[in-house]
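Undergrad: Take a look at the following structure, please.
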Amino acid sequence: MIGPRGLAAALRPCVCGRPSTPFILQRGSPLRSLLVRTLRAPYSSDAAASPPAATRAPKTVEINGKTYATDPWFNISPTVLSLTSRKLHLQKDHPVAITRKIIESVFPGPTYQYYNEIDPVVSTHENFDSLGFPPDHPGRARSDTYYINKDTLLRTHTSAHEVELFRTAQSGGFLISADVYRRDEVDRSHYPVFHQMEGARFWDRNKVPNGDLAAAVREDLARLPTHNMQVEDPNPPFHPDRNPLQAEHHTAEEASAVAAHLKRSLELMVNEIFSRAKAAAAAAKAQQGQTPAAESEADSEPLRVRWVEAYFPFTSPSWELEVFHEGAWLEVLGCGVSKQALHAQAGAPSQVGWAFGIGLERVAMLLFRIPDIRLFWSRDERFLGQFRGAGDDWSRIRPFVPFSKHPPCWKDVSFWLRGASAAGGNVKGVAGADWHVNDLMEVVRDVAGDSVEDVRLVDEFTHPATGRRSLCYRINYRSLERTLTNAETNAMHERVVRELAERLGVEIR
Ligand code: DAH
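Here the sequence shown stands for residues 1 to 509, numbered as in full-length UniProt numbering.
Next comes the structure, spelled out in structure tokens:
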């Protein structure tokens, strides 16, 4: 069943940290325009069938002390491999770790158990099959996912661990935080490695008093705190076409109770984060000697959130939660009532519950007002020093103050795609011959690393006689930490051009 947001929404494997729905634009907000530019290209239906592009593959790779054999599916760059050991979510005082801890505080033990050190190497079964992704799902494509070999990959989302934890976390709930990996475009809000949190809460219908699951869930709901956010929730808890109840497994009363518990829990989480963001902004203003009278309208507005129907292969019904931020609706998480097939695989078919996933950088960028996702990976004291001490004392959280703005340097590269047919290369995630824009992005990242701010298609052209396709991309070289010299930018660009020709077989114009 495809949800109200259409095929593109149904096809994408994941949303968190990778916003894929257009927001309403508010002009003039730099953070807003940044987040708006993070739209992910819709997956094409046959991307999964695209043949492997040439990658220089070692025979084996070592990740976190374990050795894995590669095969022709291998497509992980040395840079990405090197990031598997960084674990930003575990670094004290790092904004990603602080965000994680704030979220954990809303889901307390002993009900919720925390899992923060699960290895990123998973099987295709864990990442896709166990969650009900169909075999031809575009999210499985080599253009989108980092493979070690045909059956083994770097997890693309924390949902990969749901079934395993439904089996082992007997307390009735868990939170996972972890690094996740996706091949993607280069811009200020996309990075091939980012962090997600997965949360779940479940009840065992064989263990609840009198076997009354709905009553048990409602009782737990009554024990949750309340909040004073404005919540818009115009849709019914489920809808036969758009957002169906799992009628073979749940009564309407059960699904409604689980949905209500889910929604309140996640509203409390969002309330906690955004209240802290507000407090941080107010504290910064106070430090600058501004009085509360100088508070902007946005600061004094009550927090508004809304529930939107969604589709995920592993939940039904499903939703996304959006937050009204600086005049626009911003999607922050995906969630739903867990598909009963997941609990069955975990050997616990009597469990019933909900799950959610949230992108930590996305939230941290709002909480700390961090304007470029590359900053999270910086070891520059001018970045890290701004958060020192805030890990133990959240009242010390302040909006990030950019320490410099170095000049950009644009360079274009134009090339003919391989193959003479019109199909010889489509753009933006649309499959065609053996071209995928993410392969270009990967070469750029590989050669120029964090010295590139973004890469954009500026021109495309199909030769009327031959049908050959030409593309022109503009690469914006700009380091966050220093001014690049002309000579080094030229050298990097020359290497990018050379490697594009060599690795992707395109013909430079
Ligand atoms: N795994 C999804 C993603 O990466 C997010 C998600 C959606 C997680 C719904 C969930 C869920 O647990 O129920 O975008």
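Glycine included, C-beta positions come from ideal geometry on N, C-alpha and C.
Between which two residues does the beta strand (DSSP E) carrying L153 extend?
TA: Segment T152 to L154, the beta strand (DSSP E) holding L153.
Undergrad: Can you tell me the Cα-Cα spacing of V497 and R142, whole angstroms?
TA: If I take the Cα positions, the gap works out to 22 Å.
Undergrad: Closest to H239 by CA distance: which of A310, H227 and I508 is it?
TA: Nearest option by C-alpha distance: A310.
Undergrad: Where does A491 fall in DSSP's three states?
TA: In this structure, A491 counts as helix in the three-state DSSP scheme.
Undergrad: Cβ atoms of V443 and R474: under 9 Å apart, would you say?
TA: Not in contact: R474 and V443 (Cβ atoms no closer than 9 Å).
Undergrad: Which of helix, strand or coil does DSSP assign to A48?
TA: Bear in mind that the predicted position of A48 carries a pLDDT of just 35, short of 50, making it too unreliable to give a figure here.
Undergrad: Alpha carbon to alpha carbon, what distance is there between M441 and G425?
TA: Confidence in G425 is poor, its pLDDT being 40 and thus under 50, which makes the residue's placement unreliable; the coordinate value appears in the next sentence. Their backbone Cα atoms lie some 15 Å apart in a straight line.
Undergrad: Rounded to whole angstroms, what is the Cα-Cα separation between S105 and A200?
TA: Whole-angstrom Cα-Cα distance: 15 Å.
Undergrad: Looking only at its own chain, which residues have a Cβ that is under 7 Å from the Cβ of L375, when we skip the five neighbours before and after it?
TA: Closer than 7 Å at Cβ, skipping near neighbours: F383 and L480.
Undergrad: Relative to the C-alpha of A501, which candidate in S451, G467, A465 and R418 has its C-alpha closest?
TA: Here the closest residue by C-alpha is R418.
Undergrad: Could you check the C-alpha separation between I2 and S318 for me, to the nearest Å?
TA: With a pLDDT of only 29 at I2, under 50, the local geometry of the prediction cannot be trusted, and no value is derived from it.
Undergrad: Scan the region 346-378 and note each continuous alpha helix (DSSP H) run of 4 residues or more that stays entirely inside, going in chain order.
TA: Runs found: 360-367.
Undergrad: Which term fits E248, buried or exposed, when burial requires 16 or more other beta carbons within 10 angstroms of its beta carbon?
TA: The residue is exposed, with fewer than 16 neighbouring Cβ atoms inside 10 Å.
Undergrad: Rounded to the nearest angstrom, what separates S123 and S130 at their Cα positions?
TA: Computed Cα separation, rounded: 10 Å.
Undergrad: Using 9 Å as the threshold, is the C-beta distance between I118 and I63 below it?
TA: Taking 9 Å as the Cβ cut-off, I118 and I63 do not qualify as a contacting pair.
Undergrad: N235 by DSSP, collapsed to three states: which one?
TA: Coil at N235, not helix or strand.
Undergrad: Does the distance between the C-beta of G357 and the nearest non-hydrogen atom of ligand 1 fall short of 8 Å?
TA: Checking the Cβ of G357 against ligand 1 gives yes.
Undergrad: Give me the residue from K66, G391, V452 and A97 with the minimum Cα distance to P408.
TA: It is V452.
Undergrad: Run through DSSP, which three-state label would I508 get?
TA: If DSSP states are grouped into helix, strand and coil, I508 belongs with the strands.
Undergrad: Classify V401 as buried or exposed, calling it buried when 16 or more other Cβ atoms lie within 10 Å of its own Cβ.
TA: Looking at its Cβ environment, which holds fewer than 16 other Cβ atoms inside 10 Å, V401 is exposed.
Undergrad: By the 10 Å Cβ neighbour count, where 16 or more other Cβ atoms means buried, how is P120 classified, buried or exposed?
TA: Buried, because 16 or more other Cβ atoms sit within 10 Å of the Cβ of P120.
Undergrad: Let me know the secondary structure DSSP gives M197 once reduced to three states.
TA: It is a strand residue.
Undergrad: Check whether the Cβ atoms of V80 and Y147 sit closer than 9 Å, and answer yes or no.
TA: Taking 9 Å as the Cβ cut-off, V80 and Y147 do not qualify as a contacting pair.
Undergrad: Which residue marks the beginning of the alpha helix (DSSP H) containing R306, and which one marks its end?
TA: From DSSP, R306 is part of no alpha helix (DSSP H) but of the beta strand (DSSP E) over R304 to F312.
Undergrad: Look at the alpha carbon of F312 and the alpha carbon of A259, and state the distance between them as a whole number of angstroms.
TA: Rounded to the nearest angstrom, the two C-alpha atoms are 15 Å apart.
Undergrad: What number of angstroms, rounded off, separates the C-alpha of Q113 from the C-alpha of D412?
TA: Whole-angstrom Cα-Cα distance: 50 Å.
Undergrad: Q287: beta carbon under 8 Å from a heavy atom of ligand 1?
TA: For ligand 1, not one heavy atom lies less than 8 Å from the Cβ of Q287.
Undergrad: Examine the Cβ distances between the region 190-200 and the region 146-163 and report whether three or more of them are shorter than 8 Å.
TA: Output reads yes: the region 146-163 touches the region 190-200.
Undergrad: Is the Cβ-Cβ distance between R398 and A280 less than 9 Å?
TA: In this structure, A280 lies closer than 9 Å to R398 by Cβ.
Undergrad: Ends of the beta strand (DSSP E) at V444?
TA: Careful: V444 lies outside any beta strand (DSSP E), inside the alpha helix (DSSP H) at V437 to A448.
Undergrad: Compute the beta-carbon to beta-carbon distance between V363 and V332, rounded to the nearest angstrom, for a pair I have assumed lies under 8 Å.
TA: Rounded, the Cβ-Cβ distance is 6 Å, consistent with contact.
Undergrad: Quick check on D344: does DSSP put it in helix, strand or coil?
TA: Sequence inspection shows Ala at residue 344; the Asp mentioned does not correspond to that position. The answer is helix: DSSP assigns A344 an H, G or I state.
Undergrad: For N243, collect the residues of the same chain with a Cβ closer than 6 Å to its Cβ; drop the 5 residues on either side in sequence, then sort them by chain order.
TA: If we look at N243 and ignore the five residues flanking it on each side, its Cβ neighbours are E309 and P317.
Undergrad: At a threshold of 8 Å, does V180 count as lining ligand 2 (C-beta to nearest heavy atom)?
TA: Ligand 2 is absent from the structure shown, which contains only ligand 1.
Undergrad: Please confirm whether H261 and R218 have their CB atoms less than 9 Å apart.
TA: Result yes, Cβ atoms of H261 and R218 sit closer than 9 Å.
Undergrad: Does the beta-carbon of H250, which I'm using as the reference point, lie nearer than 8 Å to any heavy atom of ligand 1?
TA: Result no, Cβ not under 8 Å from ligand 1.
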